[in-house]
Amino acid sequence: MTFPEKEPKTAYEASLRRISDLARWRQDNLGDLPTIASEEILLRGIRNLITELPERGLGLESTMDHLLQEVLPTLAQGHSGPRYFGFVTGGCLLSAQLADMLVTLLDSNVQVHLIKETLATLVEHHALNLVLDLLELPRSDFAGTFTTGATASNILGLACGRESVLERVMRSNDEAKDSETGAFSLAEQGFGPGVAKVKVLTTRPHASIKKAAAIVGIGRANVLETSMTSNSDPLLEPGSEDLFTCLDFDLDELERRLSESKQKGEAPIVVLGMGEVNTGALTTQTPQVRALCDKYGAWLHVDAAFSAFMNLVPGYEWVSHHLAMADSITTDGHKQLNVPYDCGIFFVKKPQPCQVTEDSILEEVFGTGKGGGPAYLSAGPGDPEGEDEDEEEEGEEGPQLTRRLAYARGLPSPLVRNIENSRRFRALPVYAALLSQGREGYQEIVRRNVDFARSIESWLRESEARAKLYQVLTPMPSEERKVDSVGQNHDVFNTTVVLFRPHPECPNTRFRGVDGHLRLVDAIKKTAKVYVSPTSWQGLGAVRLAVSNWSTGLELDRDGQSEDLETTKRVLEGVMLAAM
Numbered sequence: 000m001t002f003p004e005k006e007p008k009t010a011y012e013a014s015l016r017r018i019s020d021l022a023r024w025r026q027d028n029l030g031d032l033p034t035i036a037s038e039e040i041l042l043r044g045i046r047n048l049i050t051e052l053p054e055r056g057l058g059l060e061s062t063m064d065h066l067l068q069e070v071l072p073t074l075a076q077g078h079s080g081p082r083y084f085g086f087v088t089g090g091c092l093l094s095a096q097l098a099d100m101l102v103t104l105l106d107s108n109v110q111v112h113l114i115k116e117t118l119a120t121l122v123e124h125h126a127l128n129l130v131l132d133l134l135e136l137p138r139s140d141f142a143g144t145f146t147t148g149a150t151a152s153n154i155l156g157l158a159c160g161r162e163s164v165l166e167r168v169m170r171s172n173d174e175a176k177d178s179e180t181g182a183f184s185l186a187e188q189g190f191g192p193g194v195a196k197v198k199v200l201t202t203r204p205h206a207s208i209k210k211a212a213a214i215v216g217i218g219r220a221n222v223l224e225t226s227m228t229s230n231s232d233p234l235l236e237p238g239s240e241d242l243f244t245c246l247d248f249d250l251d252e253l254e255r256r257l258s259e260s261k262q263k264g265e266a267p268i269v270v271l272g273m274g275e276v277n278t279g280a281l282t283t284q285t286p287q288v289r290a291l292c293d294k295y296g297a298w299l300h301v302d303a304a305f306s307a308f309m310n311l312v313p314g315y316e317w318v319s320h321h322l323a324m325a326d327s328i329t330t331d332g333h334k335q336l337n338v339p340y341d342c343g344i345f346f347v348k349k350p351q352p353c354q355v356t357e358d359s360i361l362e363e364v365f366g367t368g369k370g371g372g373p374a375y376l377s378a379g380p381g382d383p384e385g386e387d388e389d390e391e392e393e394g395e396e397g398p399q400l401t402r403r404l405a406y407a408r409g410l411p412s413p414l415v416r417n418i419e420n421s422r423r424f425r426a427l428p429v430y431a432a433l434l435s436q437g438r439e440g441y442q443e444i445v446r447r448n449v450d451f452a453r454s455i456e457s458w459l460r461e462s463e464a465r466a467k468l469y470q471v472l473t474p475m476p477s478e479e480r481k482v483d484s485v486g487q488n489h490d491v492f493n494t495t496v497v498l499f500r501p502h503p504e505c506p507n508t509r510f511r512g513v514d515g516h517l518r519l520v521d522a523i524k525k526t527a528k529v530y531v532s533p534t535s536w537q538g539l540g541a542v543r544l545a546v547s548n549w550s551t552g553l554e555l556d557r558d559g560q561s562e563d564l565e566t567t568k569r570v571l572e573g574v575m576l577a578a579m
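When you line the sequence shown up against numbering that gives the first Met the number 0, it's residues 0 to 579, in that order.
Right, here's the structure in full:
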């Protein structure tokens, strides 16, 4: 490879060394990097960030100077660090980080399945299968795709659900059916007179569910809460057993609404959360909800962005069995899989469970439709089906290779099962991370995340003096509901989130009152050592500490303590006992 000029090559190599040195330095110091930029640095950035396009380019060297000296300090450099507990952001495993660098170097658009030119789409398919293996879901039952995140995955879930339930409800409407196919497809025909209304029944959904409903034409007003209690109910006592019922479906009410929808000719979708956004709480209602969906012809979508991988924690294997009951599943790679932003994952149940076919409703909704796709996106002659498809390869591995080739040729393009036509090679960091960690590595990461969160919760509760500083809202573990006769743990709050607030009579009067939790969050953030986020739970302002980074508490296994744990404790105690 040659460069047209010596100077660009020299500048590129020098800049590459700077980035390489920075990457090594960051890895060595990640735990000490500030979780937020200081006010002074932010003001300097506001003054110095370039706001107008230069007539003459700055060149590579000067641009890198600007990025490293003026832009980088203004960013949350510890965002991927071990004590960033806001927004369930995860971190970035080294294998995933390096693979992501390869993604940028290759700059692949993983869009069209060109098996005779590149195996990018095959790598993506294998990565999805490896995720299914980690979740202990049958490969034969689910097809999948990578998205930008849980919001995009929830859009896919509601779009697929909308297509399925409307097709079922509209079978008896001859006027709405396609004259050629004799079937109804909203993706093909669109909304029109006589098209049934879609209702989404859920309990405590993530905000992205309503966003998805708005985008796919269901409408936010048709997302209906069907929980045992609601946010408008009287305030629950912190730690109360009633906190469980406010997360659960009211199954009688759910059945009533499903029955009513059937009588009205409506098309129902049920959304179940496996990992409530404020608490991380799981749900054990999936079997009952699945039975009602089957009875009334509803689509079951499980939003498991937060807690799908709790199945890796001993005693929580039941999470896999519950996920397997879903028609579609949302989860995230940039949370507990610890791959770079952005990476969401979506799975949908195949109509005919089979190891060798990948057909799914995704192609019906996101494919090219009756008119076919643009010519420039066609796979080309012999790809994916070539004239030599049935020829057996020579050698001892010939039959196996022939089967693999036939399988690879039969895969669909990502183009026909996703929102995007232009897609980053998100699968490569996932593939690398899964190979690097294996099942045991990820079991260790998730278990350590859970242990860290529960250690903070225990510490907040452990002494009478500290209990007067903070009030823990996460319910206490209950022996009665903790472990069943076959060793499965149903303590649904025993995950990676701790929910707490300043004690109403805490010694620091700044943190008392309705907005006290906001001032507390701000004080914690300003230490730049620990990051938490505010929320509201059952009418109470609260602080949410969510653990999902692979490097959090790495030493926790050896002696029961860690620098991350001790630093977090010092910050929580220090801000509360600071000058009143």
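Where a beta carbon is used, it is the ideal one built from N, C-alpha and C, also for glycine.
The C-alpha of Asn153 lies about 6 angstroms from the C-alpha of Ile208. For Asn310, the CB contacts under 7 angstroms within the same chain, skipping 5 residues up- and downstream, are Leu134, Glu135, Glu316, Val318 and Ser319 in chain order. In this structure, Thr282 is the residue among Arg509, Thr282 and Glu463 with its C-alpha nearest to the C-alpha of His489. In this structure, Ile444 keeps its C-beta atom at 8 angstroms or more from the C-beta atom of Val497. Between Thr566 and Val529, the C-beta gap is smaller than 8 angstroms, which places the two residues in contact. Contact between Phe308 and Gln335 is confirmed by a C-beta separation of about 5 angstroms, below the 8 angstroms threshold. Below 8 angstroms, enough C-beta pairs join the stretch 258-267 and the stretch 156-165 to call them touching: three or more. Contact between Gln537 and Phe499 is ruled out by a C-beta separation of about 13 angstroms, above the 8 angstroms threshold. Look at the stretch 494-558 and you find these whole runs of beta strand (DSSP E), each 3 residues long or longer: 496-501, 532-536 and 539-545. Per DSSP, reduced to three states, the secondary structure at Ile268 is strand.
Cβ atoms of Val491 and Ala280 come within 8 angstroms of each other, at about 5 angstroms. Here the alpha carbon of Leu121 sits roughly 10 angstroms from the alpha carbon of Pro411. Boundaries cannot be given for Lys349, as no beta strand (DSSP E) includes it and DSSP labels it neither H nor E. A direct Cα-Cα distance of roughly 37 angstroms separates Thr144 from Ala527. Taking the CA atoms as reference points, Ala158 sits about 42 angstroms from Ser457. Look at the beta carbons and you see the stretch 94-102 touching the stretch 429-439: at least three pairs across the two are nearer than 8 angstroms. Val513 sits away from Val531, with the two beta carbons spaced by 8 angstroms or more. If you look at Phe141, you'll find it in the beta strand (DSSP E) that goes Phe141 to Thr146. Val199 sits in a strand when the DSSP states are folded into three classes. Distances from the CA of Leu200 to each of Val109, Arg256 and His124 were compared; the closest alpha carbon is that of Arg256.
In the DSSP assignment, Trp298 forms a beta bridge with Ile268. According to the DSSP secondary-structure assignment, Phe248 is paired through a beta bridge with Ser226. Annotation for Ser454: the continuous alpha helix (DSSP H) segment containing it runs Ala426 to Arg460. Non-local C-beta neighbours of Ala522 in its own chain, meaning closer than 6 angstroms and more than five positions away in sequence, comprise Val574, ordered along the chain. Leaving aside the five residues that flank Ala149 on each side, the residues in its chain whose CB is nearer than 8 angstroms to its CB run, in chain order, His205, Ser207, Asp302, Ala304, Thr329, Thr330, Asp331 and Gly343.
Beta-bridge pairing by DSSP links Gly216 to no other residue. Within the DSSP secondary-structure output, Asp331 pairs in a beta bridge with Gly343. A distance below 8 angstroms separates the beta carbons of Ser226 and Leu246. Tyr469 sits in a strand when the DSSP states are folded into three classes. Here DSSP, grouped into helix, strand and coil, assigns Tyr315 to coil.
Bounds of any alpha helix (DSSP H) do not take in Phe190, whose DSSP letter is neither H nor E. It is roughly 41 angstroms from the alpha-carbon of Glu179 to the alpha-carbon of Gln399. The beta carbons of Lys196 and Asn221 sit closer together than 8 angstroms. Here the C-alpha atom of Lys467 lies approximately 15 angstroms from the C-alpha atom of Ala577. In this chain, the alpha helix (DSSP H) harbouring Arg43 covers Glu38 to Asn47.
The beta carbon of Arg219 is closer than 7 angstroms to those of Lys209, Ala212 and Ala213 in its chain, skipping five residues each way along the sequence.
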